[in-house]
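Read left to right, the sequence shown gives residues 1 to 292 (my numbering). Each remark here refers to the structure printed beneath this line.
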Amino acid sequence: MINILAFDLDGTLLTSQKTIDPRTMAAIEKAKQAGMHIVIASGRDKNGCRFVYEPLGLEQGPHFLALVNGQILYDFEKKEYDLDDVLLPEDGLKIQEVCRKYNVEGIFCCGYDFYSYISRLGRIKKTVKTIVRGEPADYGLKAGASHRNFIDLPYKDITLTQDINKVCLVHSASFFDKNLDNLKADLKDYDVLLVGPEWLEIMPKGVSKASALDKIARKLGYTMENVMAFGDAENDVEMLAKAGIGVAMGNAMDTAKAAANVVTKTNDENGIGEVIDKLLEGNEDFLKVGII
1 MINILAFDLD
11 GTLLTSQKTI
21 DPRTMAAIEK
31 AKQAGMHIVI
41 ASGRDKNGCR
51 FVYEPLGLEQ
61 GPHFLALVNG
71 QILYDFEKKE
81 YDLDDVLLPE
91 DGLKIQEVCR
101 KYNVEGIFCC
111 GYDFYSYISR
121 LGRIKKTVKT
131 IVRGEPADYG
141 LKAGASHRNF
151 IDLPYKDITL
161 TQDINKVCLV
171 HSASFFDKNL
181 DNLKADLKDY
191 DVLLVGPEWL
201 EIMPKGVSKA
211 SALDKIARKL
221 GYTMENVMAF
231 GDAENDVEML
241 AKAGIGVAMG
251 NAMDTAKAAA
261 NVVTKTNDEN
271 GIGEVIDKLL
281 EGNEDFLKVG
291 II
C-alpha cells in the first residue's frame with residue numbers, strides 16, 4: 001500500500017514554466033485528504049522550495065522536505081531538521097582541481113552562500129552567454145531569499161571553511177556528452193549526478209534522495225515499499241529504483257525511465273496527476289508495471 005508520495009521538482013512536479021499544473025495540484029490535495037504524506041525531494045534548499053510547499057499546504061500536516069538531494073530533511077509537523085554528511089574542505093580542494101583540469105565552472109553550495117569557481121576567460125564567456133540568453137549569472141540560485149550570496153572565488157586553491165552541501169558543475173550539453181565518463185572517474189570518491197543537460201551535481205558518497213526517503217518512511221512507521229516516487233533525472237534514479245513504485249516522467253532521462261516501474265506523461269501533460277488519480281481509484285497493481 002502506498003502511503004508516501006515523493007516528488008522531484010524541476011522537470012517533474014514543475015512544468016517547463018516552473019509552475020504546478022492545477023490538475024496536478026488538485027490530485028495531490030486529494031492524496032493529502034486520503035491521508036498520504038507528501039515529500040518534496042529536490043536538489044534545492046528550503047527557501048528554494050517555498051514557492052511549491054506553501055501553495056500545496058505542506059506546512060499544515062505530517063509532510064517533509066528532502067533537500068539538497070536528500071542531504072537535509074525537514075519535518076513540517078515537528079519543525080525539525082536532520083543533516084546527513086557534507087563535503088569537507090579537502091573535498092573542495094579536490095573538486096577545484098577537477099574544475100581547472102576540465103575548465104568547467106564549479107558552484108560550491110554552502111548554505112545560503114554560493115561560490116563560483118571559474119577562470120577569468122571562462123567568466124568573460126559566461127557573462128556574454130548570460131547576456132545573450134537573458135539569464136541571470138547566478139543561475140537563479142539567489143532567488144527566494146534576499147540574504148543569499150553569489151560570490152566569485154579567485155581561480156586558485158581556496159579552502160572553504162563552511163560546510164559544502166554540494167558542488168554543481170556547469171557547462172554545455174555537448175561538453176558533458178563528451179566528458180561525463182571521465183569526470184565520474186576523476187570524481188570516483190563522490191556521487192556524481194547529471195541532473196540536466198548542462199548541470200552536474202557532486203554529492204558526498206551515499207547521500208541521496210533514496211536514503212532520505214528511507215529515513216522518512218521509517219520515521220513514519222513504513223518502509224520504501226510504501227513510497228511512490230516521481231522523478232526525471234540521474235539524481236532521482238536511486239529513489240525510483242528503491243521506491244515501492246517508481247514513476248518516471250515522459251520527459252525523463254533514459255536512466256530514470258530504466259529505473260522506474262512506470263513511465264507517465266510529461267511534466268507539461270499532468271503526468272503526475274494521472275498517476276495519482278489511478279492510485280486513488282485503487283489501481284495500484286496496474287501501476288507497478290507499464291506506461292500511463
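Glycine included, every Cβ here is placed at the ideal spot set by N, Cα and C. All of these numbers come straight from a predicted model, not from anything done at the bench.
Judged by beta-carbon spacing, residue 63 lies beyond the 7 Å limit of residue 95, meaning their Cβ atoms are not closer than that value.
With the rule of 3 Cβ pairs closer than 8 Å, the stretch 83-97 does not count as touching the stretch 225-235. Annotation: the continuous alpha helix (DSSP H) that includes residue 186 extends over 173-186.
In this chain, the beta strand (DSSP E) harbouring residue 204 covers 199-204. Its Cα nearest to that of residue 72, the residue 49 stands out among 61, 57, 196 and 49. Going by beta carbons, residue 170 and residue 105 fall inside the 7 Å limit.
Here residue 76 is not near residue 40, since their CB atoms are 7 Å or more apart. For residue 228, the enclosing beta strand (DSSP E) has its first and last residue at 227-231.
7 Å or more divides the Cβ of residue 180 from the Cβ of residue 235.
Bounds of any alpha helix (DSSP H) do not take in residue 65; it lies within the beta strand (DSSP E) bounded by 64-67. Taking residue 197 as reference, the option from 136, 253, 276 and 18 with the minimal CA-CA separation is 253.
The Cβ atoms of residue 9 and residue 42 sit closer than 7 Å to each other. Secondary structure note for residue 47: it is in no beta strand (DSSP E), and the uninterrupted alpha helix (DSSP H) holding it is 46-53. Look at the stretch 59-108 and you find these whole runs of alpha helix (DSSP H), each 4 residues long or longer: 89-102.
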